[in-house]
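These notes concern the structure reproduced below.
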Amino acid sequence: MSDLIAIVYPTEEKAEEVRQRLFELQKDYLVTLGDVVIATKTDSGKIKLNQMVNTTAAGAVSGSFWGLLIGILFLNPLIGVAVGAASGALGGALTDVGINDSFMKDLTANIEPGNAVLFTLVHSMTADKVLKDISAFGGVVLKTSLDETKEQVLRDALQKVSA
């Protein structure tokens, strides 16, 4: 079972630091991440999601390949690539993997402009080591799917730095 953890940081740069640290911890097999997204709110109130994977670009690349292959079969590879890229990009744009985008946008709407929320979908982790490592960055817990005891441990660890 996966756990969702959303932590607010004062800047997008701070949230990115934590995300990069989580990727390093994943390389050390201390955490297995399903999705890690940074959401920010602009001064105008617009919500921006900085996702790990750009599904539109990935779909366009995949579609181009298959379009080229089909185009070669029908002796018109350029049209095949164009149609394949367009259909792949459309399919990628309509695909939502990991944490639900509308859920993240709804939660991010409640933060102050300039702040960032780091949304993390954790499949498994060595909690004591990961918590010890990321607690140095501070932050405020916005939402989790952890049980109350684990959530309180997380809140306490992050507050020690913020205080």
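So the sequence shown is numbered by the numbering used here: it starts at 1311 and just counts up by one.
Virtual Cβ for every residue (Gly too), placed ideally from N, Cα, C.
Looking from the CA of K1358, the closest CA among V1427, L1431, L1340 and T1436 belongs to V1427. K1351 places its beta carbon 8 angstroms or farther from that of T1430. Cβ-Cβ separation between L1464 and L1441: approximately 7 angstroms, consistent with a contact (criterion under 8 angstroms). When T1459, D1313, S1354 and D1411 are compared, the shortest CA-CA separation from Q1361 is found for D1411.
In this chain, the beta strand (DSSP E) harbouring I1357 covers I1357 to N1360. When C-alpha distances from P1320 are compared across I1348, G1344, G1449 and F1413, the shortest belongs to G1449.
As summarised for the region 1411-1468, the continuous beta strand (DSSP E) elements at least 3 residues long and confined to that stretch are 1426-1435 and 1450-1454, given in chain order. Taken atom to atom, the span from the alpha-carbon of P1423 to that of S1354 is near 8 angstroms. As the crow flies, the alpha-carbon of A1316 is around 15 angstroms from that of E1327. Of L1452, M1435 and H1433, the smallest CA-CA separation from D1416 is found for L1452.
Going by DSSP, L1340 is part of no alpha helix (DSSP H) at all; its letter is neither H nor E.
The criterion of a C-beta distance shorter than 8 angstroms is satisfied by I1409 and D1345. In summary, A1325 is buried, with 16 or more beta-carbon neighbours lying within 10 Å of its beta-carbon over all protein chains present. Taking a C-beta distance under 8 angstroms as the contact criterion, N1425 and V1347 do not qualify as a contact pair.
For I1409, there is no enclosing beta strand (DSSP E), as DSSP marks it with neither H nor E.
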